[in-house]
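Asker: For the sequence shown, position 49 (counting from the first letter as 1) is numbered 204 according to my numbering, and the numbering increases by one without interruption.
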Amino acid sequence: MRKRPLGQNFLVDSEIAHNIITLANIQPEDHVVEIGPGKGVLTQRLLPIARSLTAIELDPKLCRELESRFPDSPSFKIVEKDAAKFDYASLEPGFKVVSNLPYYAATHIMKKLIHFGSRIQSMTLMMQKEVVDRLTAEPCNKEYSSLSVYVQYHCKVERLLEIPNTAFSPRPKIDSSLFSLKPLPQPSVQVEDPQLFFKIVNAAFLHKRKMLKNNLKPWEDKFEQAQLAGIDLSRRGETLSMSDFANMANYLHSQNE
Ligand code: SAM
156 MRKRPLGQNF LVDSEIAHNI ITLANIQPED HVVEIGPGKG VLTQRLLPIA RSLTAIELDP
216 KLCRELESRF PDSPSFKIVE KDAAKFDYAS LEPGFKVVSN LPYYAATHIM KKLIHFGSRI
276 QSMTLMMQKE VVDRLTAEPC NKEYSSLSVY VQYHCKVERL LEIPNTAFSP RPKIDSSLFS
336 LKPLPQPSVQ VEDPQLFFKI VNAAFLHKRK MLKNNLKPWE DKFEQAQLAG IDLSRRGETL
396 SMSDFANMAN YLHSQNE
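1. Pull the bridge partners of residue 186 from the DSSP assignment, please.
2. Identify every residue that forms a DSSP beta bridge with residue 310.
3. Residue range of the beta strand (DSSP E) that residue 352 falls in?
4. Within the same chain, show all residues whose beta-carbon is closer than 7 Å to that of residue 214, passing over the 5 residues directly before and after it, in chain order.
5. On the criterion of 16 or more Cβ atoms from any shown chain inside 10 Å, does residue 418 qualify as buried, or is it exposed?
6. Taking the straight line between their C-alpha atoms, what separation do you get for residue 385 and residue 301?
7. Does the Cβ-Cβ distance between residue 265 and residue 331 come in under 7 Å?
8. Below 7 Å between beta carbons: does that hold for residue 188 and residue 201?
9. Return yes when at least one heavy atom of the ligand SAM lies under 6 Å from the C-beta of residue 220, else no.
10. Tell me the rounded alpha-carbon separation between residue 377 and residue 396.
11. Between residue 403 and residue 336, is the Cβ-Cβ spacing less than 7 Å?
12. Pull up the distance between the alpha-carbon of residue 365 and that of residue 354, whole angstroms please.
13. Would you identify the three-state DSSP class for residue 387, choosing helix, strand or coil?
14. Grouping DSSP H, G and I as helix and E and B as strand, with all else coil, what is residue 252?
15. Between which two residues does the beta strand (DSSP E) carrying residue 278 extend?
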């Protein structure tokens, strides 16, 4: 027996299932990857409209159920694998992802997909509302975090639909939100050293209530009159825009050259 539950809250509201498929904007030429098809509430709606569908499901029992319900065909494949470990480069590029993600691994799987972003046309994903609040947050909003910066650096993020917990069985404690991620051809800001950029972003948000001068101590020797790249270090990380972070990272990069 598995030690850990698999985030199996199945969508039972057919109107919401219909709305998700409409918002995913699947066209007849599209190859779709569905993560965690479960009992097939989205699968059954995707199959008639997509050119082809690859469904990645970790639970072997659900895989067998799906196989008997939707027989294997050249245009439909069930892959019994962990979506967080799947090699998305093995698929023909240009696919669209649709998923009601399992809560316990949602952020992890989303980051994995972003890693393969250049091969993905769009992702229509459902996650915990509180996480989607962070993904869509702008500077000075209390939900703005290093995750907001990470996702908005790589993708255009759009919130699509709010889904109450009553739409699922078993019913989870919290509500969900549907959102879309469109991987950007170029990151949203120009950064010389992305590793350094994310190091600074993570440090700036490490202690949210602290001022930048305390969170950015590793770069203290580059501070000039309580500023770094013209940014006042008595500010908090949560007030900085993506461009502010890029300016700091590019300034520090130039100092190290
Ligand atoms: N799509 C279905 C629906 O909307 O009713 C099921 C969604 S349910 C929230 C999440 C699904 O993901 C479950 O079927 C679960 O077994 C599957 N799952 C959990 N962890 C997974 C993983 N690491 N990789 C692939 N599928 C996973």
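Glycine included, each C-beta is placed from N, C-alpha and C at the ideal position.
Answerer: This is what the structure holds:
1. 207
2. 338
3. Premise fails: residue 352 lies in the alpha helix (DSSP H), 349–359, not in any beta strand (DSSP E).
4. 161
5. Here the chain comprises residues numbered 156 to 412, so residue 418 is not present and cannot be evaluated.
6. 21 Å
7. no
8. no
9. no
10. 20 Å
11. no
12. 17 Å
13. strand
14. strand
15. 275–283
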